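Enquirer: Numbering (our numbering), first residue to last: 1 to 496. Beta carbons: idealized from backbone N, C-alpha and C, even for Gly. If you're wondering where the values come from, they're calculated on a predicted model, not measured in any experiment.
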RNA sequence: GGUCGGAUGGCCGAGUGGCUAGGCAGAGGUCUGCAAAACCUCCUACAGCGGUUCGAAUCCGCUUCCGACCUCCA
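#1: For residue 28, write down the residues that DSSP places opposite it in a beta bridge.
#2: Mind listing, in chain order, the continuous alpha helix (DSSP H) runs of no fewer than 4 residues lying wholly within the region 89–137?
#3: Would DSSP call residue 199 helix, strand or coil?
#4: For residue 37, which residues in the same chain have their Cβ closer than 8 Å to its Cβ, ignoring the five residues on either side in sequence?
#5: Under three-state DSSP, which class holds residue 350?
#6: Report yes if the CB atom of residue 397 is closer than 8 Å to the CB atom of residue 373, and no otherwise.
#7: Less than 8 Å between the beta carbons of residue 314 and residue 272, yes or no?
#8: Taking the continuous beta strand (DSSP E) assigned at residue 153, which residues delimit it?
#9: What residues in its chain sit with their C-beta under 6 Å from that of residue 479, if we drop five residues either side in the sequence?
#10: Between the alpha carbons of residue 154 and residue 35, how many angstroms are there, rounded?
#11: Given the structure, does residue 365 come close to the ligand NAD, in the sense that its CB is under 7 Å from one of the ligand's heavy atoms?
#12: Could you check the C-alpha separation between residue 126 and residue 31 for me, to the nearest Å?
#13: Measure how close the beta-carbons of residue 26 and residue 16 come, nearest whole angstrom, since I'm counting them as under 8 Å.
#14: Look at the alpha carbon of residue 494 and the alpha carbon of residue 412, and state the distance between them as a whole number of angstroms.
#15: Please classify residue 490: is it buried, with 16 or more other beta-carbons within 10 angstroms of its beta-carbon, or exposed?
#16: Pairing CB atoms from the region 375–392 with CB atoms from the region 314–323, are three or more of them under 8 Å?
#17: I'd like to know if the region 119–133 and the region 218–225 are in contact, where contact means that at least 3 CB-CB pairs between them fall below 8 Å.
#18: Contact between the region 284–299 and the region 226–244: three or more CB pairs below 8 Å?
#19: What is the residue span of the beta strand (DSSP E) that residue 495 lies within?
#20: Rounded to whole angstroms, what's the CA-CA distance from residue 111 to residue 118? Just pull it up for me.
#21: Relative to the C-alpha of residue 329, which candidate in 345, 346 and 302 has its C-alpha closest?
#22: Using three-state DSSP, classify residue 7 as helix, strand or coil.
#23: Counting Cβ pairs closer than 8 Å, one from the region 199–217 and one from the region 160–175, do we hit at least three?
#24: Using a 10 Å radius around the Cβ and a threshold of 16 neighbouring Cβ atoms, would you call residue 281 buried or exposed?
#25: In whole angstroms, what is the alpha-carbon distance linking residue 403 and residue 338?
#26: Helix, strand or coil, according to DSSP, for residue 180 in the structure here?
#27: Buried or exposed: which applies to residue 408, given that a residue is buried once 16 or more other Cβ atoms fall within 10 Å of its Cβ?
#28: Give me, in chain order, the residues of the same chain whose beta-carbon lies closer than 8 Å to that of residue 348; leave out the 5 immediate sequence neighbours on both sides.
#29: For residue 215, name the three-state secondary structure that DSSP assigns.
#30: In the DSSP assignment, find the unbroken alpha helix (DSSP H) run with residue 402 in it and report its ends.
#31: Locate the alpha helix (DSSP H) running through residue 150, then write down its first and last residues.
#32: Can you have a look at residue 134 and say buried or exposed, based on whether 16 or more other CB atoms are within 10 angstroms of its CB?
#33: Would residue 238 and residue 48 be called neighbours here (beta carbons separated by less than 8 Å)?
#34: Which residue or residues does DSSP assign as beta-bridge partners of residue 271?
#35: Does the separation of the CB atoms of residue 340 and residue 257 fall below 8 Å?
#36: So which of 406, 267, 122 and 68 has the shortest CA-CA distance to residue 351?
Structure follows, in structure tokens:
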């Protein structure tokens, strides 16, 4: 099945066929977190979205180099390049070494990503580990004439850059509009132009994180690290650059300007931006106080939550919307996702041991239908990673799988080839592409125990002692085990 | 204020000109000792007003409402 992958490119505002620079290989850079506090759920959504993209590219057989940075210096606290580095500020507040802050939140971030079953990137470089590369980049931009130094700081000259380049290519804004609408911020006297941004910032003596440079002691501007590190690990040009939509107008715009200034090339061919997670219609952000931390979600300990949800339910909830849409967080929506997820995951669990019946006459229509649903999995993912459509295709397969598992239909009615394809496609997409897991994988002990109880209950049932059998079933249900009697007289159990 | 993007059935959410997703909730049914699960059937919406078209949720215009960015945020 030869199909083409289409990707929505923020740079062109169009869905385009994905053609990697080097056939068979993909270079992908995603802007990672600034590790000065806990990641919140909105951050997680973005990284889960790129995990889906990464997983699908791998599934298609691409050799992917996935670079996602850790910002551990240079990300300023407030505004116009005069604020304090976020990590430094937090370190002062907590009276710790900046690197203690970085270490704590980096570990936390990795844990959370692991809980959400997001694969680690191929390379996870840090800003502080690439100070030399960043200084070299500033030198190149200065040499190219697109930057100027003022009293130990170096600024990017946007107006000069705009003479030959379209500064607003990514954010779609005209230069004059940007100039007219940029608010005047304090402490920017050093800059020649309102839109100029810092490449290197002079550090005050008390600043905790600073490094020697040709311009004196200082630290790098936030936009610089991504240019330096993508250049180093993926080259001047690579395939995909991603991040949250909120990074597009400023961070990515400046990143492109830096790359063009130093290397003459737009770094990435395809720019992919994920949309925001909202709460009650407003962007989830720390400053608005409406953000969730992952553990609050798992435990349900948050004013806006009526219960806790498991990591896979949340991952599934995100997959039910396309990455380019905002997702509004509500209990009702997640409750619905939870039930749907459990249905599909129960199918995945059953599928592992499902054997095909002896072949009978092939029901052509069914056989064809199942193959179409398998095709749909690819078709929908190829359409800009449309995970909601993929879930629909899996749901369609799930109905057949469940019918066969419950002997409502005879699995001998399809060819052995189709049966195997159905199994493989469902498994591949549920686990490998969508990155879902079957939760509550109990130890064998639990199952042995349950089998014993089920046997006792079935003995009671056989003797028509329904009072006892119902007592067992109700008792188990109250502690979280649901028994399901099957047509063949066997009984399954599942956690609820 | 400027720029951009949204508005889909009770709820969530796909869908870019005709073939009228899917999930959750709801109704009915099959199965079952009864349940549960599973399966089957039903429930046919696209903010409002104009326009283009044989035909529009989908294209164009206007209106209303919402959001994002412009200031740190994935």
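Expert: Per the coordinate set shown:
#1: Along the first chain, one-based indexing puts residue 28 at 28. Answer is 66 and 240, bridged to residue 28.
#2: The qualifying runs are 98–115.
#3: By 1-based counting over the first chain, the position of residue 199 is 199. Three-state DSSP puts residue 199 in a strand.
#4: Position 37 of the first chain, counted from the first residue, corresponds to residue 37. The residues are 90, 105 and 286.
#5: The sequence position of residue 350 within the first chain is 350, counting from 1. Residue state, collapsed to three classes: helix.
#6: The residue you call residue 397 lines up with position 397 of the first chain. The residue you call residue 373 lines up with position 373 of the first chain. Cβ distance < 8 Å, so residue 397 and residue 373 count as in contact.
#7: Looking up residue 314 in the first chain gives position 314. Looking up residue 272 in the first chain gives position 272. No.
#8: To locate residue 153, count along the first chain from 1; it is residue 153. That run of the beta strand (DSSP E) goes 153–156.
#9: Counting from one through the first chain, the residue named residue 479 turns up at place 479. Sequence-distant partners of residue 479 (beyond 5 residues in either direction) whose C-beta falls short of 6 Å from its own C-beta are missing from its chain.
#10: Counting from one through the first chain, the residue named residue 154 turns up at place 154. Counting from one through the first chain, the residue named residue 35 turns up at place 35. Taking the straight line from one Cα to the other gives about 25 Å.
#11: Inclusion of the ligand NAD in the displayed structure is not the case, the ligand content being empty and no account of it being possible.
#12: If you number the first chain from 1, residue 126 lands on position 126. If you number the first chain from 1, residue 31 lands on position 31. Rounded to the nearest angstrom, the gap between the Cα atoms of residue 126 and residue 31 is 11 Å.
#13: If you number the first chain from 1, residue 26 lands on position 26. If you number the first chain from 1, residue 16 lands on position 16. Rounded, the Cβ-Cβ distance is 15 Å, inconsistent with contact.
#14: Position 494 of the first chain holds residue 494. Position 412 of the first chain holds residue 412. Approximately 27 Å between the Cα atoms of the pair.
#15: Within the first chain, the letter at position 490 stands for residue 490. So residue 490 counts as exposed.
#16: Taking a cut-off of 8 Å for Cβ pairs, the region 375–392 and the region 314–323 touch, as three or more such pairs fall below it.
#17: With the cut-off at 8 Å, the region 119–133 and the region 218–225 touch.
#18: Too few Cβ pairs lie closer than 8 Å, so no.
#19: Indexing the first chain from 1 puts residue 495 at position 495. Here the beta strand (DSSP E) through residue 495 covers 491–495.
#20: Counting from one through the first chain, the residue named residue 111 turns up at place 111. Counting from one through the first chain, the residue named residue 118 turns up at place 118. The straight-line gap separating the alpha-carbon atoms of residue 111 and residue 118 is approximately 10 Å.
#21: Walking along the first chain from the start, residue 329 turns up at place 329. Looking at the Cα atoms, 302 is the closest of the given residues.
#22: Residue numbering aside, residue 7 sits at position 7 when the first chain is read from its first letter. In the three-state scheme derived from DSSP, where H, G and I count as helix and E and B as strand, residue 7 is classed as strand.
#23: Because the criterion of three Cβ pairs below 8 Å is not met, the region 199–217 and the region 160–175 do not touch.
#24: Taking the first chain and counting its residues from 1, one reaches residue 281 at position 281. Counting Cβ neighbours within 10 Å, residue 281 comes out exposed, since fewer than 16 surround it.
#25: Locating residue 403 in the first chain gives position 403, counting from the first residue. Locating residue 338 in the first chain gives position 338, counting from the first residue. Each residue's alpha carbon lies about 22 Å from the other.
#26: In the first chain, counting from the first residue as 1, residue 180 sits at position 180. The answer is helix: DSSP assigns residue 180 an H, G or I state.
#27: The residue labelled residue 408 in the question sits at position 408 within the first chain. Only exposed fits residue 408, as fewer than 16 other CB atoms lie within 10 angstroms of its CB.
#28: One-based indexing of the first chain puts residue 348 at position 348. These residues qualify, in order along the chain: 426, 427, 430, 431, 436 and 438.
#29: Sequence index remark: in the first chain, residue 215 carries index 215 (1-based). Three-state result, residue 215: coil.
#30: As a working mapping, residue 402 is identified with position 402 in the first chain. Residue 402 -> alpha helix (DSSP H) spans 387–405.
#31: Here residue 150 corresponds to residue number 150 of the first chain, with the count starting at 1. No alpha helix (DSSP H) holds residue 150; the beta strand (DSSP E) holding it covers 147–150.
#32: Locating residue 134 in the first chain gives position 134, where the first residue counts as 1. Classification of residue 134: buried, given that the 10 Å Cβ count is 16 or more.
#33: The residue you call residue 238 lines up with position 238 of the first chain. The residue you call residue 48 lines up with position 48 of the first chain. No, they are not a contact pair.
#34: Here residue 271 is taken as the residue at index 271 of the first chain, counted from 1. According to DSSP, residue 271 bridges with 241.
#35: Start at 1 with the first residue of the first chain, and residue 340 comes out as number 340. Start at 1 with the first residue of the first chain, and residue 257 comes out as number 257. Residue 340 places its beta carbon 8 Å or farther from that of residue 257.
#36: As a working mapping, residue 351 is identified with position 351 in the first chain. If you compare the alpha carbons of 406, 267, 122 and 68 with that of residue 351, the shortest gap goes to 406.
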